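Some notes on the structure that comes next.
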Amino acid sequence: MKQKGTLLNTMGIDLTRTSFDEIGEEHVGSSLETPLREDAFAMTDELKIELIEKHFREIMNILGLDLSDDSLKGTPHRVAKMYVKEVFSGLNPKNKPAAKLFENKFKYNEMLVEKDITFHSHCEHHFVPIYGKAHVAYISNGHVIGLSKINRIVQYYAKRPQVQERLTMQIGNELKSALGTEDVAVIMDAYHMCVSSRGVQDTNSTTVTSFYSGKFEREEQSRNEFLNYISLEK
Ligand SMILES: [Zn+2]
């Protein structure tokens with residue numbers, strides 16, 4: 001997973017001189033929040049699937065595909081259902097996993113690390129997959145969260161059209177509020193299909209993004225301990 005890592009600065013991206021086209025091509029996001037309209041969930045999932053199906057059929061038609069072919073017939077419906085119920089289901093707050101905290105005084109002040117969480121997301125600029133591993137750490141304030149919950153939080157934010165920097169920060173911020181601590185770190189190491197299958201067609205490069213807060217931001221020692229656990233370059 002870690003051929004050529006590009007360490008991106010997740011903060012302070014200067015957008016003033018960048019055109020929208022360049023934003024898309026360079027995979028820079030414009031905000032921490034996923035840009036959603038106020039009425040994003042006014043429609044039911046069923047209606048969304050029906051409408052996306054209709055429009056996706058039209059895209060296939062325009063491409064000249066024969067929709068009467070048995071192999072293609074069901075594709076518009078499958079794609080629509082996959083968008084709404086699976087790969088973009090994390091847009092809808094009703095699908096957000098509830099995080100239950102457990103008291104665990106023995107873990108007080110201890111660093112807890114969950115590494116190699118596989119995730120699949122989609123680039124919001126090309127709608128093609130971004131996939132890789134997430135590594136998460138926090139320093140317990142006496143509360144812990146189930147490991148499967150951390151995994152579910154990662155998957156929830158991954159199931160949106162994303163940019164990797166935003167995804168990393170959304171997971172970090174969610175863990176901060178779920179765990180009631182500032183001491184959270186997230187590192188994501190991912191392949192971007194829009195880099196490997198189009199554009200520059202570099203198949204080996206991965207992109208590494210990081211989020212450090214609290215002790216991880218202030219203390220090199222905490223950061224290094226985490227990086228040692230996941231054995232990435234410091
Ligand atoms: Zn892309």
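Residue 1 is where the sequence shown starts when you use the UniProt record's numbering, and the numbers rise one by one after that. No residue lacks a Cβ here, since even glycine has one placed at the ideal position from N, Cα and C. Since this is a predicted model, take the numbers as computed values, not measurements.
task: Compute the Euclidean distance between the alpha carbons of residue 98 and residue 154, then round it to the nearest angstrom.
output: To locate residue 98, count along the sequence shown from 1; it is residue 98. To locate residue 154, count along the sequence shown from 1; it is residue 154. Taking the Cα positions, residue 98 is about 13 Å away from residue 154.
message: Can you tell me whether residue 108 is buried or exposed? The criterion is at least 16 other CB atoms within 10 Å of its CB, across all chains shown.
response: Against the sequence shown, residue 108 aligns to sequence position 108. Exposure of residue 108 is indicated by the presence of fewer than 16 other C-beta atoms within 10 angstroms of its C-beta.
- prompt: Residues in its own chain within less than 7 Å of residue 83 by CB, not counting five upstream and five downstream?
  reply: As a position in the sequence shown, residue 83 is number 83, starting the count at 1. Same-chain partners within the cutoff: 52.
- request: Could you check the C-alpha separation between residue 15 and residue 168 for me, to the nearest Å?
  value: By one-based count along the sequence shown, residue 15 stands at place 15. By one-based count along the sequence shown, residue 168 stands at place 168. Per-residue confidence for residue 15 stands at a pLDDT of 39, beneath the threshold of 50, marking its modelled position as unreliable; no derived number is given.
query: residue 186 lies in the beta strand (DSSP E); which residues open and close that run?
result: Translated into positions along the sequence shown, residue 186 becomes position 186. DSSP places residue 186 inside the beta strand (DSSP E), whose first and last residues are 184–192.
- request: List in chain order the residues whose CB is within less than 5 Å of at least one heavy atom of ligand 1.
  value: Residue selection by CB proximity (closer than 5 Å to any heavy atom of ligand 1) returns 123, 125, 126, 194 in chain order.
- prompt: Which residues share a DSSP beta bridge with residue 133?
  reply: Working through the sequence shown from its first residue, we reach residue 133 at position 133. Beta-bridge pairing by DSSP links residue 133 to 118, 189.
message: In this structure, how does DSSP classify residue 209 when only helix, strand and coil are distinguished?
response: Indexing the sequence shown from 1 puts residue 209 at position 209. Assignment of residue 209 by DSSP, reduced to helix, strand and coil, places it in the strand class.
query: Would you call the segment 109–127 and the segment 62–77 in contact, with 3 or more CB pairs under 8 Å?
result: Taking 8 Å as the limit for Cβ pairs, the verdict is that the segment 62–77 does not touch the segment 109–127.
query: Can you give the Cα-Cα distance for residue 86 and residue 172, rounded to whole angstroms?
result: Along the sequence shown, one-based indexing puts residue 86 at 86. Along the sequence shown, one-based indexing puts residue 172 at 172. Within the model, the alpha-carbon separation for residue 86 versus residue 172 is close to 22 Å.
task: Note down, one range per segment and in chain order, each alpha helix (DSSP H) of at least 4 residues found wholly within the segment 25–70.
output: Taking 4 residues as the minimum length, the alpha helix (DSSP H) runs contained wholly in the segment 25–70 are 45–62, in order along the chain.
query: Is residue 105 buried or exposed, if buried means 16 or more other CB atoms sit within 10 Å of its CB?
result: Here residue 105 is taken as the residue at index 105 of the sequence shown, counted from 1. Classification for residue 105: exposed.
- request: Identify every residue that forms a DSSP beta bridge with residue 147.
  value: If you number the sequence shown from 1, residue 147 lands on position 147. Residue 147 is bridged by DSSP to nothing; it lacks a bridge partner.
- request: With DSSP as the reference, label residue 138 as helix, strand or coil.
  value: Within the sequence shown, the letter at position 138 stands for residue 138. Secondary structure of residue 138 (DSSP, three-state): strand.
field: Endpoints, beta strand (DSSP E) assigned at residue 102
entry: Within the sequence shown, residue 102 is the residue found at index 102, counting from 1. Per DSSP, the unbroken beta strand (DSSP E) holding residue 102 starts and ends at 101–103.
- prompt: Which of the three DSSP states, helix, strand or coil, is assigned to residue 97?
  reply: By one-based count along the sequence shown, residue 97 stands at place 97. Residue 97: coil per DSSP, three-state reduction.
message: Going by beta-carbon coordinates alone, are residue 126 and residue 194 separated by less than 9 Å?
response: Indexing the sequence shown from 1 puts residue 126 at position 126. Indexing the sequence shown from 1 puts residue 194 at position 194. Result yes, Cβ atoms of residue 126 and residue 194 sit closer than 9 Å.
- prompt: Across which residues does DSSP place residue 112 in a beta bridge pair?
  reply: On the sequence shown, residue 112 is found 112 positions in, with the first residue counted as 1. Answer by DSSP bridge pairing, in chain order: 138.
Residue burial classification, residue 211 (beta-carbon count within 10 angstroms, cutoff 16): For the purposes of this step, residue 211 is taken as residue 211 along the sequence shown, with counting starting at 1. Label assigned to residue 211: buried.
message: What does the alpha-carbon distance come out to for the pair residue 156 and residue 67?
response: Within the sequence shown, residue 156 is the residue found at index 156, counting from 1. Within the sequence shown, residue 67 is the residue found at index 67, counting from 1. Roughly 33 Å separates the two Cα atoms.
query: Distance, Cα to Cα, residue 219 vs residue 159?
result: Position 219 of the sequence shown, counted from the first residue, corresponds to residue 219. Position 159 of the sequence shown, counted from the first residue, corresponds to residue 159. Taking the straight line from one Cα to the other gives about 32 Å.
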